[in-house]
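Participant: The structure follows.
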Amino acid sequence: MRVDEFPRPGEVDLRPLSARSVVLSLLLGTHPPELPVRDLVRAVERFGVGGSTLRAALSRMTAAGDLLRTDAGYRLSERLLERQRRQDESVHPHTRAWDGDWEMVVITATGREAAERAELRTRLTALRLAELREGVWLRPANLVRPLPADLARVAQHYTARPERSASELAAALWPLGAWSATARRLLDRVSGDRGPAVRLTAFAAVVRHLLADPVLPPELLPADWPGPALRAAYTAYQEELAKEVRARGSEA
């Protein structure tokens, strides 16, 4: 994995949230991901999104295939349900005790277009693999998840035991110091008494950062790794937000 795919040490990616982003953040954090229109209207008010702005955003999102209209309100489309599954996995990753084995994926397909290569790189990165050299991807075998079956068309999968020190290899594959520094900055951003919109923006950045966490075995991580603390903070915020949405819906 290229170092430039991660933030620089301490850098925090806070993107202004549009009405679409607010709606998606609410639905992606809701299980099941569906809300009545009444609850959406009341929920987005606290983030500075008015009724007319919300209606326009819902119309555009439905036309774009982001949302599906239901009898009572709106729910995420199938495409975004996959995004929710990835987000949930980033917050609560399924892991197992590590026995020293590594996953190795070797790209065997040739003659692919640049767009195909870029798409494959994105998929392998999302699977939390890192590129040792061109076409060779690795990670410790501590994740409980199958590789997509269609990867067999372009790659071969192996179990390996590198001779190199596991901790040195992990440090070479992932910029752990940069990830840790940014996570600590995010923890600072989401603490304290901040307004609803500021907090939602910060926690959206937390989710993006957790998606880039390599989820390594504890024995390969630096001391005081902030991943668990960042996950705990986001989990608490999700619960808080869900209670707020329910409370506002019951007031109507």
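Under our numbering, think of the first position of the sequence shown as 1156, with each following residue one higher. Every residue gets a Cβ at the ideal spot worked out from N, C-alpha and C, and that includes glycine. What you are looking at is a predicted structure, and each value in this text was computed from that prediction instead of being measured.
1. Taking residue 1326 as the reference, which of 1237, 1378, 1187 has the closest Cα?
2. Hey, how far is the Cα of residue 1364 from the Cα of residue 1246?
3. Taking all protein chains shown into account, decide if residue 1337 is buried (16 or more other Cβ within 10 angstroms of its Cβ) or exposed.
4. Would a C-beta distance cut-off of 7 Å place residue 1254 and residue 1314 closer than the cut-off?
5. Taking buried to mean at least 16 other C-beta atoms within 10 Å of its own C-beta, is residue 1305 buried or exposed?
6. Hey, how far is the Cα of residue 1368 from the Cα of residue 1387?
7. Which residue or residues does DSSP assign as beta-bridge partners of residue 1258?
8. Given a cut-off of 7 Å on the beta-carbon distance, is the pair residue 1411 and residue 1223 in contact?
9. Got a sec? Which residues, its chain only, sit under 8 Å from residue 1175 by beta carbon, not counting five neighbours each side?
10. List the residues that DSSP assigns as beta-bridge partners of residue 1222.
Facilitator: Inspection of the coordinates gives the following:
1. Measuring from the Cα of residue 1326, the nearest candidate turns out to be 1378.
2. 10 Å
3. buried
4. no
5. exposed
6. 14 Å
7. 1294, 1314
8. Outside the modelled stretch of the chain, which goes from 1156 to 1407, sits residue 1411, for which no answer is possible.
9. 1212, 1215, 1216, 1221
10. Paired residues: 1231.
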